[in-house]
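For reference, the structure is listed below as structure tokens.
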Amino acid sequence: MKTQFQKRLGLHRLMKRCSCGRTATIRTSWTDDNPGRRFYSCLFKPSNYPFIGWVDPLMCLRSIRIIPGLLRKINNLQAKLFVREQEIRKKKRVIWLLILALVIGSLLVSIVCCD
Ligand SMILES: [Zn+2]
Numbered sequence: 001m002k003t004q005f006q007k008r009l010g011l012h013r014l015m016k017r018c019s020c021g022r023t024a025t026i027r028t029s030w031t032d033d034n035p036g037r038r039f040y041s042c043l044f045k046p047s048n049y050p051f052i053g054w055v056d057p058l059m060c061l062r063s064i065r066i067i068p069g070l071l072r073k074i075n076n077l078q079a080k081l082f083v084r085e086q087e088i089r090k091k092k093r094v095i096w097l098l099i100l101a102l103v104i105g106s107l108l109v110s111i112v113c114c115d
């Protein structure tokens, strides 16, 4: 049974049934031959029907050649960003420890000097 929400979005046209009787889900392929191409698959893993059929038409050769390289670049940049964020977090911790040491040191000096 299709809901009004699914009809409004046109999702009812995309829905397909798996051979096991369940509603198929849509996944995205990230292989070099079909990068970013959506396909129908059984919702449950492991399944006898990991691939039911394509949602998207065949991609042009240029897209097939370009997209994997772009994905690798994005993944490399995300990995570099993660490393930089870790470094920044470590430096912030060191700065806060130095500030804390400075405040405690100043308090100790003022207590010792004022006596
Ligand atoms: Zn199934």
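Per full-length UniProt numbering: the sequence shown = residues 1 to 115.
Every residue gets a Cβ at the ideal spot worked out from N, C-alpha and C, and that includes glycine.
Predicted, not measured: the structure shown is a model, and the values here were computed from it.
Query - Endpoints, the beta strand (DSSP E) within which S47 is located - result: For the purposes of this step, residue 47 is identified with residue 47 of the sequence shown, where counting begins at 1. Annotation for S47: no beta strand (DSSP E) segment contains it, and DSSP assigns it neither H nor E.
Query raised in the report: Going by the beta-carbon positions, is the gap between Y40 and C20 smaller than 8 Å?
Result: What you label residue 40 is simply residue 40 of the sequence shown in a count that begins at 1. What you label residue 20 is simply residue 20 of the sequence shown in a count that begins at 1. No, Cβ-Cβ distance for Y40 and C20 is not below 8 Å.
Query raised in the report: Ordered along the chain, which non-local residues of its own chain (more than five positions away) have a Cβ less than 6 Å from that of K16?
Result: Against the sequence shown, residue 16 aligns to sequence position 16. For K16, where only same-chain residues beyond five positions count, the Cβ hits under 6 Å are A24 and Y40.
Query raised in the report: Can you tell which of N34, L102 and V94 has its C-alpha closest to the C-alpha of I66?
Result: Mapped onto the sequence shown, residue 66 falls at position 66. Considering only alpha carbons, the answer is N34.
Requested in this report: Along the alpha helix (DSSP H) that carries F41, what are the first and last residues, could you check?
Outcome: Start at 1 with the first residue of the sequence shown, and residue 41 comes out as number 41. Looking at the sequence provided, one finds Ser at residue 41 rather than Phe. Unbroken run through S41 is the beta strand (DSSP E), R38 to S41; no alpha helix (DSSP H).
**Report entry** Supposed close pair I26, R38 - CB separation, criterion 8 Å
**Finding:** Along the sequence shown, read from residue 1 onward, the residue named residue 26 stands at position 26. Along the sequence shown, read from residue 1 onward, the residue named residue 38 stands at position 38. Yes, I26 and R38 are in contact; Cβ-Cβ is about 5 Å, under 8 Å.
Query raised in the report: Counting along the chain, where does the alpha helix (DSSP H) carrying R62 start and finish?
Result: Here the question's residue 62 lines up with position 62 in the sequence shown. For R62, the uninterrupted alpha helix (DSSP H) segment begins and ends at L61 to C114.
Requested in this report: Over the uninterrupted beta strand (DSSP E) stretch that includes T25, give me the two end residues.
Outcome: Your numbering for residue 25 matches position 25 in the sequence shown. Bounds of the beta strand (DSSP E) holding T25 are T25 to T28.
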